[in-house]
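A short write-up of the structure that comes next.
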Amino acid sequence: MKRIKICDITAPELIGSEVDVMGWVRTRRGNKHVQFIALNDGSTVNNLQVVVDLTKFDDEQLKPITTGASLHVTGTLVASQGRGQSVEVQATAITVLGTADDTYPMQKKGHTLEFLREKAHLRLRTNLFGAIFRIRHHLAFAIHKFFNDHGFFYLNTPLITASDAEGAGDMFRVSTLDPDDLPRTEDGHVDYSRDFFGKHTSLTVSGQLEGELGATALGAIYTFGPTFRAENSNTPRHLAEFWMIEPEASFIDITDNMDLAEEFIKYCISYALEHCHDDIAYLDDYHMNKAKDTQESLIERIEGVLKESFVRLTYTEGIDILKASGRKFEFPVEWGVDLQSEHERYLVEEHFHRPVILTDYPRDIKAFYMKQNEDGKTVRAMDVLFPQIGEIIGGSEREADYDKLLAEIERRNIPMKDMWWYLETRKFGTVPHSGFGLGFERLILFVTGMANIRDVIAFPRTPGNAEF
Ligand code: 4AD
Ligand code: MG
C-alpha cells in the first residue's frame, strides 16, 4: 500500500496525483452536494481535508463516517480552494477501517483537561495531546543529540536499587515476599534476607550514584530514564513516576556544570522551536484562546528564555532578596529553609524576569554527596529556576574528598553497608566531578505552556492514581 502520511502531503510534486491516506475522522460537515471530512493520522497537528462529492457516493456509504472512525481514503490531491489548508483530497474511494459510535468520548472540542485525564487512553487522539506528545518526542531526541554531540556516553543505570540516592526516604519497595505471610527475624523485623534480592530493595529515585561510577571511568555520561518517588505531594509539578536526565562529568566544577546546564536547556528549547513549529503554534493559539488576558504568548515566553543569560546568585543572596521584597509568602523565608515554588517563581518572574541559577544552599537541606564549602554551612549545589515552573534542574559539584564524604554519611546515619561501593570512587583515583538532573516533564511543561504535569506524560502516576 502506498500510503502517504499527512505530514508529507504538502509536497508540491504530489499535486494532481492519486494518493492513499489513512487516519481518524475529526469532524464531518457539508451539505447535500458535498461533504468535508477532516482527517488526522497523528503525524501532524494539521488535519487533511477530504472532499466527498455526493454524486459519487451514496448515503449508506457515508453513514459510518463519524467523528473517531478510522478511514482509508483514495483520491486526487489538489490545491485547496478553501481557507485553512493548502491542499485537499478529492475522494474516489473510501473504506471505513473502524467505526466509532456516538459514545466515542472525544466527540467535540472544549472538553476540560480533567475530563481528558480520565480518558487518557483516548486523549492522545486530540489535537492538543497529539501536539504535546510530538513535542515530547522531539525533546527526547534533542537530549540524546546534545549529549552525543558533546561526547557524553548514554549509561543505563538500574531501576531497582538497595540504596537511597537522595537520602530522602520516599521510595517504593520492591519485594516478592508475601505480605500476608512475612518471614521474620528473631527480633520480629521483616527478614529481607529471604526476599528476592536477599536484601531490602526499592525503585530508584535517581541514577546519579551509579552515574558517578560511569563518569569517573568514561569521563562523561548521561542517564535518561524513569525515576520513582513516593512523596505524597499532590501538586501540578510532581509525579510519582517521572523521567529524569542526569549528566555527570569528571574534571568539571560547579561553574562548568552551570554552563553545561544553561547550554543544554537552551539547546533543547531551540530544537523544539525549530522542529515543532506547527505544534508550538497550535499550543500558542490554544493558550491565547483560554486566557484572553495573557500578556505574553507561549512563543514569546520561550524565546525570552533563549535571549539572555541566566542570572547566577547564591542561596543567601536569594534569601536576602526575598526578605527585602516585602511580599507576604505562604511559607515565610528565613535563611536555612528549603525554597518553595512561590519563592522560586518570585525570583524568576517578578525580580529578575529571566531564569535563575541559585547556588551554595545550606547543607542540611541538600543531599549528602554535595561538595562542602569552606564555611562549613553551605554546599556547592545549583538549582536552575524557570518561569512558570520553579525548579527545573537540581545538581551540584560532588564531594570528592573521601574523609569529608565519609564524615557526612556518618553524620546523617546513612547505612554504610549500602554505600561502600560509592565511597570507593573517592578511595581510588578520586577526581573533581559534577552533574545535575533535569526533570523531563518539567521541561515539557515549559515548552508546551501546559500548567499540570499530568498533561505532559501519557499515563501519569500520582498519589491515588495508577489507571491505564
Ligand atoms: O533535585 P532532584 O531531586 O535531584 C536529583 O535527583 C539529583 N540526583 C540530580 C543530579 O544531580 N544528578 O531532582 C532533579 C529534578 C528536579 O529539578 C525536578 O525537575 C525533577 O527532577 N523532579 C521531579 N519531576 C517530577 N516529579 C517529581 N516528583 C520530581 N522530583 C524531582
Ligand atoms: Mg531538587
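Take the sequence shown: its position 103, counting from 1, is numbered 85 in my numbering, and each next residue is one higher. Don't be surprised by glycine CBs; every beta carbon is placed ideally from N, CA and C.
If you measure from the CB of residue i, is any heavy atom of ligand 3 nearer than 7 Å?
i: E423; result: This structure lacks ligand 3; the ligands present are ligand 1 and ligand 2.
Confirm, please, whether the CB-CB distance from residue j to residue i is below 8 Å.
i: T26; j: D260; result: yes
i: N239; j: G417; result: yes
i: D437; j: L21; result: no
i: A74; j: H54; result: Looking at the sequence shown, residue 74 is not Ala but Thr. No. Outside cutoff.
i: I(-14); j: V3; result: yes
i: P337; j: V413; result: no
i: Y351; j: R394; result: no
i: G193; j: T139; result: yes
i: L44; j: Q72; result: no
i: I426; j: I117; result: yes
i: F463; j: P(-6); result: As displayed, the chain neither begins before -17 nor continues past 450, which places residue 463 out of reach and without an answer.
i: V330; j: P369; result: yes
i: V69; j: T(-8); result: yes
i: L405; j: L388; result: yes
i: H449; j: F224; result: A small fix is needed here, since residue 449 is Glu in this sequence, not His. No, Cβ-Cβ distance for E449 and F224 is not below 8 Å.
i: R294; j: I339; result: yes
i: L454; j: H15; result: The structure shown does not extend to residue 454, since the chain spans only -17 to 450, so no value can be given for it.
i: H333; j: A382; result: no
i: L110; j: Y268; result: yes
i: A113; j: Y264; result: yes
i: D342; j: T360; result: yes
i: L191; j: F154; result: no
i: T407; j: N216; result: no
i: V187; j: D152; result: yes
What three-state label does DSSP hand residue i in the structure shown?
i: D146; result: coil
i: L304; result: helix
i: Q277; result: coil
i: N29; result: coil
i: F334; result: helix
i: D342; result: strand
i: A20; result: strand
i: R327; result: helix
i: M4; result: strand
i: T9; result: strand
i: N271; result: helix
i: F292; result: coil
i: D452; result: Beyond the ends of the chain as shown, which are -17 and 450, falls residue 452; an answer cannot be given.
i: V438; result: coil
i: G286; result: helix
i: L164; result: coil
i: T49; result: coil
i: L135; result: A quick correction: the sequence has Phe, not Leu, at residue 135. It is a strand residue.
i: H54; result: strand
i: T(-8); result: coil
i: T444; result: strand
My guess is that residue i and residue j are in contact by the Cβ rule of under 8 Å, so how many angstroms apart are they, rounded?
i: T143; j: T183; result: 7 Å
i: A349; j: E100; result: With a Cβ gap of about 36 Å, A349 and E100 do not count as contacting.
i: G189; j: G201; result: Between G201 and G189 the Cβ distance is about 17 Å, and since that is not below 8 Å, they are no contact.
i: V429; j: I284; result: 7 Å
i: H335; j: L304; result: Going by Cβ atoms, the distance from H335 to L304 rounds to 16 Å, so no, they are not a contact pair.
i: G57; j: V7; result: Rounded, the Cβ-Cβ distance is 15 Å, inconsistent with contact.
i: L221; j: I439; result: 6 Å
i: M401; j: S145; result: 7 Å
i: N28; j: I(-12); result: 7 Å
i: L280; j: I251; result: So it is not a contact: roughly 12 Å between Cβ atoms.
i: T49; j: T81; result: That pair is no contact at about 11 Å.
i: Y249; j: F128; result: 5 Å
_Every unbroken beta strand (DSSP E) within the region 167 to 242, with a cutoff of 3 residues, ordered by chain_ = Fully enclosed beta strand (DSSP E) runs of 3 or longer: 183 to 185, 202 to 210 and 223 to 232.
*For the region 346 to 433, list the alpha helix (DSSP H) runs that are entirely contained and at least 4 residues long, ordered along the chain.*
384 to 393, 402 to 409 and 422 to 430
_Quick check: the region 163 to 172 against the region 208 to 217, are at least 3 beta-carbon pairs closer than 8 Å?_
no
*With contact counted as at least three CB pairs below 8 Å, one residue from each stretch, are the region 372 to 389 and the region 154 to 164 in contact?*
no
*Which parts of the region 59 to 133 are runs of the beta strand (DSSP E), unbroken and 3 residues or longer, counting only runs that do not cross its ends?*
69 to 80
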